[in-house]
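Colleague: Chains as they are written, first to last, in the working numbering: chain D, 1 to 303; chain G, 304 to 753.
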Amino acid sequence: MTNRSLILTGIAIVAITAAAGIFALTHQRTLDAPVNDAIAILDATGARIGDYRIPPDSSIAQEPNAVAIMLGKRLLNETARLLPINVGNGLNCNSCHMAQGKLSDANTYINTSNFYPAVMPRAGRAVDLVTRINGCFQRSMNGKPLAEDSSEMQAMVAYMDWLRQDVAKGARVAVRNAGPIDDTLIPDPERGQAIYAAQCASCHGANGQGMKDQSGNYIFPPLWGDESFNIGAGMARTYKAAQFVKYAMPPAMNLIPPLGTGGVLSDQDAVDVSEYFTHMPRPDFAGKVHDWPTGNKPKDARY
Amino acid sequence: MGRIVKLFIKLALFAICGLGISYAFAISTPYWFKPKAEAHVDVTDAALIRQGAYLARAGDCIACHTAPGGKPFAGGLGMQTPMGTIYSTNITPDAQTGIGGYSYGDFERAVRKGIRPDGTHLYPAMPYVSYAVVKDEDIKALYAYFMSSVEGVRQDNQPTTMPWPLSMRWPLAWWQLIFAQPRDFAATTTDPQLVRGAYLVEGLAHCGACHTPRGIAFQETALADGPNSRFLSGSVLEGWYAKNLRDEDTGLSTWTVDEIVDFLKTGRNAKTAAFGSMSDVVEHSTQYLAADDLTAIATYLKSLNARDGRSPTWQPKEDLTTAALKAGDFSAPGAMSYVEHCATCHRMDGKGAPRIYPALAGNSMVFADDPSSLIQVTLAGGRMPRTPHDTMAFTMPGFAHLTNREVAAMLNFIRNGWGNHGSEITEADISRMRHEIARKPKHYVPGEQE
């Protein structure tokens, strides 16, 4: 081997090593999102019969009735602004059905369209989905029902039908509308008042008045007063409210998407604060005389 | 053949001699370049201790010298560097594992000059380059506080994870010779408020450690303001972009002095909130500073003029976003994702909720020159600092479950919505940030599982 070829070989080795090093240092494999977690689809016996994945809104465009689904999504998000004749207060459907009804323990819509029609104790008879939605308009939103065949009502139903995906009637996705709460706990409204001031008032206001944006739309819904839900709403009941408050409130408390909800209050905290805010002054509900016609009124019913 | 071998041997001998001389020179620097300056300090003087406690807050010693969940000042916080993780040290007055055996001269030299009593050179993760301008009387107060008021904790320091030869410390002597000359604070104005602000910002508060761009040798490219200075013009550390603090377009031009003071005191203001590393700074340091000092800092920052080629004001575009979203027009790329994942809190108008959910419209972090913080807070989430001013502190959840494509589109929508405008974020940027987040250093707390 000549000196020249030795030097050339050396240079080649150094060059190849350097090139490999630079490539290794600069080239990074692509890291992307983990696969969307599947939620079990259960049959009537509780056996897993399939997988459900929460669909992204971007997939709505592929549906034949995409326009109706999108309208439904908007109406559920911005009910007070878009349906001012029917909404009598400052609430939207999604004030309670958080994250567009896609969040377990926050009144999700995922199983809603498969659940109805169903015999409901409060009505004492079978109730279908449009009747149930109109119940919300008259109670939680303290307003007037929508015409059952209106495009707005049908749009909201279309959104819920879409969210169900291909889950068959009779089956259900393993998510909860609301988490469990110990309903034997005795509420202490004075303690609840203190919890309200510390944990709720920042957003919902010291007087339960909520908070509006610069255009006059509510960012945070009012929890009592004329602009809040009436006594006929499920949310006006201590233990039902406590289920929501414990698991879905407050939002922005942790790093878990979509809203970082809950994990702050104990059962007793939730019951106490719910007793406090549900029993503050709020609109009456004229239709209350027809509720629970067959008895079995829950102990936290307001009338 | 023989000639080549001889040449190699010569080169090797030359290199060894050179290294030897360089090493000998480096370990000699503590004796002539940065000698110890002893002085008497009465560590029982209550007023001095009180002043030291305040200055320790201003210097934010606790933030780096405490691991999450660990004892105050006992060290163990891991800091990510390109070469490995280095751990902050125990600066409690424990005689064996902390700084209990330090004389005033030892303390002064470590804090202002970056040299330990045994002559070891400190990594510039310790901001001695900034602390160099802290006055003698303030160093004395700090010494009195640490020696008499901080609780001693027996906790051994953790070695770095840097592999040899990167773990050798003596080359830092050369780094210090070039980049960490001992120096005094030099006021450039007679306005006492600006002087105080500059003294705090350049010195104890060491804002430049994160907010000034670093050079190839990890040195801060400016230590004080000057004509066309890069001082505090924004830099990335651990995947967080410490924003441009100069009074120019994407810097602090959209912030008033009062908004800066409110932010430093409470961790938020009506438009935005601290997150990431700045959340720690507010929680451990700035919330404790006196109103006068915060106003001095804010006034000084607002005096940092726009550089050549940069505008002293921010010009937003017309807001077409709010009307489009409210009309149900989600056709812009990323708009659908924004409404699905972000709008509940940040709202259709991008204004959020004052002191609760930061606004995205007109938020200088959103349209910052470097989008790293925007990307990281979206993927990993963030927490506001907790201060007595507000009863609730809020978090932003992390959206790492969304694909790179969706996150990039969503962030470009935010970065260019409601009148904002900024450079484009790519899917590769999102992937890079996922690597950055996966590399986060582990902290060391005794008794905790590794």
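Ideal Cβ positions, reconstructed from N, Cα and C, are used throughout, including at glycine.
Only a predicted model underlies this, so the values are computations on that prediction, with no experimental measurement involved.
1. Would you say Glu-643 of chain G lies against chain D (beta-carbon separation less than 8 Å)?
2. If you draw a straight line from the C-alpha of Cys-364 of chain G to the C-alpha of Asn-666 of chain G, how long is it?
3. Tell me the DSSP secondary structure of Tyr-320 of chain D in three-state form.
4. Which of the residues in the segment 23-35 of chain D, read from start to end, lie with their CB under 8 Å from any CB of chain C?
5. Thinking C-alpha only, which one of G:Thr-524, G:Pro-485, G:Leu-351, G:Ile-600 is nearest Asp-550 of chain G?
6. According to DSSP, is Thr-515 of chain G part of a helix, a strand, or is it coil?
7. Between the Cα of Thr-589 of chain G and the Cα atoms of G:Lys-605, G:Ser-606, G:Arg-571, G:Thr-575, which residue gives the shortest distance?
8. Take every Cβ of the segment 263-279 of chain D, pair it with every Cβ of the segment 95-106 of chain D, and state whether three or more of those distances are shorter than 8 Å.
9. Which partner residues of Gly-387 of chain G appear in the DSSP bridge assignment?
10. Is any beta-carbon of chain D found at less than 8 Å from that of Asn-707 of chain G?
11. Using the DSSP secondary-structure output, state which residues sit across from Met-120 of chain D in a beta bridge.
12. Determine the extent of the beta strand (DSSP E) in which Leu-597 of chain G is found, giving its start and end residues.
13. Going along the chain, which unbroken runs of the alpha helix (DSSP H) with 4 or more residues stay wholly within the segment 626-701 of chain G?
14. Looking at Phe-488 of chain G and Val-414 of chain G, is the spacing between their C-beta atoms short of 8 Å?
15. In terms of DSSP beta bridges, what is Ile-418 of chain G paired with?
16. In terms of DSSP beta bridges, what is Arg-571 of chain G paired with?
17. Quick one, are the C-beta atoms of Ala-447 of chain G and Ile-330 of chain G less than 8 Å apart?
18. DSSP three-state call for Ile-49 of chain D: helix, strand or coil?
19. Which chain G residues sit within Cβ distance under 9 Å of Pro-258 of chain D?
20. Could you tell me whether any Cβ in chain D is nearer than 8 Å to the Cβ of Ala-656 of chain G?
21. Does the CB of Pro-56 of chain D have a neighbour CB from chain G at under 8 Å?
22. For the ligand FMN, is there any heavy atom lying closer than 7 Å to the beta carbon of Gly-234 of chain D?
23. Which residue comes first and which comes last in the beta strand (DSSP E) that contains Ser-451 of chain G?
24. Roughly how many angstroms lie between the CA atoms of Ala-508 of chain G and Lys-546 of chain G, to the nearest whole one?
25. Pairs of beta-carbons, one from the segment 646-662 of chain G and one from the segment 734-741 of chain G, closer than 8 Å: are there three or more?
26. Here's the rule I'm using: 16 or more other beta-carbon atoms within 10 Å means buried, otherwise exposed. How should Phe-317 of chain G be labelled?
27. Going by the DSSP bridge assignment, what does Ser-538 of chain G pair with across the sheet?
28. Determine which residues share a DSSP beta bridge with Leu-42 of chain D and list them.
29. Gln-752 of chain G by DSSP, collapsed to three states: which one?
30. How about Ser-634 of chain G and Ala-712 of chain G: are their beta carbons less than 8 Å apart?
31. How many angstroms separate the CA atom of Val-539 of chain G from the CA atom of Pro-222 of chain D?
32. Here's the rule: buried if 16 or more other CB atoms are within 10 angstroms of the residue's CB, otherwise exposed. What is Asn-207 of chain D?
33. Would you mind working out which of G:Met-429, G:Ala-490, G:Gln-679, G:Ala-512 sits nearest Thr-543 of chain G, comparing C-alpha positions?
34. Between the alpha carbons of Arg-533 of chain G and Glu-227 of chain D, how many angstroms are there, rounded?
35. Beta-carbon separation of Leu-526 of chain G and Glu-505 of chain G under 8 Å?
36. Flag Met-156 of chain D as yes if its beta-carbon sits less than 8 Å from any beta-carbon of chain G, otherwise no.
Modeller: In short:
1. So yes, Glu-643 of chain G belongs to the interface.
2. For Cys-364 of chain G and Asn-666 of chain G, the distance between alpha carbons rounds to 29 Å.
3. Look at the range of chain D in this structure, 1 to 303, and you will see that residue 320 of chain D is not part of it.
4. The structure shown contains no chain C; its protein chains are D and G.
5. Closest in C-alpha terms to Asp-550 of chain G, from the list G:Thr-524, G:Pro-485, G:Leu-351, G:Ile-600, comes G:Ile-600.
6. Reduced to three states, the DSSP call for Thr-515 of chain G is coil.
7. For the options G:Lys-605, G:Ser-606, G:Arg-571, G:Thr-575, the alpha carbon positioned closest to that of Thr-589 of chain G is the one of G:Arg-571.
8. No, the segment 263-279 of chain D does not touch the segment 95-106 of chain D.
9. Gly-387 of chain G is bridged to G:Thr-384.
10. Flagged as an interface residue toward chain D: Asn-707 of chain G, by a C-beta distance shorter than 8 Å.
11. According to DSSP, Met-120 of chain D bridges with D:Arg-125.
12. Per DSSP, Leu-597 of chain G belongs to no beta strand (DSSP E); it is in the alpha helix (DSSP H), 594-604.
13. The segment 626-701 of chain G contains these whole alpha helix (DSSP H) runs: 638-644, 646-649, 675-683.
14. The Cβ-Cβ distance between Val-414 of chain G and Phe-488 of chain G does not fall below 8 Å.
15. Paired residue(s): G:His-424.
16. Per DSSP, the beta bridge partners of Arg-571 of chain G are G:Ala-576.
17. Remark: C-beta atoms of Ala-447 of chain G and Ile-330 of chain G do not approach each other more closely than 8 Å.
18. Per DSSP, reduced to three states, the secondary structure at Ile-49 of chain D is strand.
19. Within chain G, the residues near Pro-258 of chain D are Glu-643, His-644, Thr-647, Pro-700, Phe-702.
20. Yes, because at least one Cβ of chain D sits closer than 8 Å to the Cβ of Ala-656 of chain G.
21. Yes, its Cβ sits closer than 8 Å to a Cβ of chain G.
22. With respect to the ligand FMN, the structure offers nothing, as it holds no ligand at all.
23. Taken as a continuous stretch (DSSP letters only), Ser-451 of chain G belongs to no beta strand (DSSP E), being part of the alpha helix (DSSP H) at 439-451.
24. Their backbone Cα atoms lie some 15 Å apart in a straight line.
25. Counting Cβ pairs under 8 Å, fewer than three are found: no touch.
26. Burial call: exposed.
27. Bridge partners of Ser-538 of chain G according to DSSP: G:Ala-545.
28. DSSP lists D:Arg-48, D:Arg-172 as partners of Leu-42 of chain D.
29. At Gln-752 of chain G the pLDDT is 48, less than 50, meaning the model places this residue with poor confidence; the figure from the coordinates comes in the next sentence. Judged by DSSP in its simplified three-state form, Gln-752 of chain G adopts coil rather than helix or strand.
30. In this structure, Ala-712 of chain G does not lie closer than 8 Å to Ser-634 of chain G by Cβ.
31. Counting only the Cα atoms, Pro-222 of chain D lies some 42 Å from Val-539 of chain G.
32. Exposed.
33. For the sequence presented, residue 543 of chain G should be read as Trp rather than Thr. When C-alpha distances from Trp-543 of chain G are compared across G:Met-429, G:Ala-490, G:Gln-679, G:Ala-512, the shortest belongs to G:Gln-679.
34. Cα to Cα, the separation comes out at about 53 Å.
35. Cβ atoms of Leu-526 of chain G and Glu-505 of chain G: closer than 8 Å.
36. Met-156 of chain D does not count as touching chain G.
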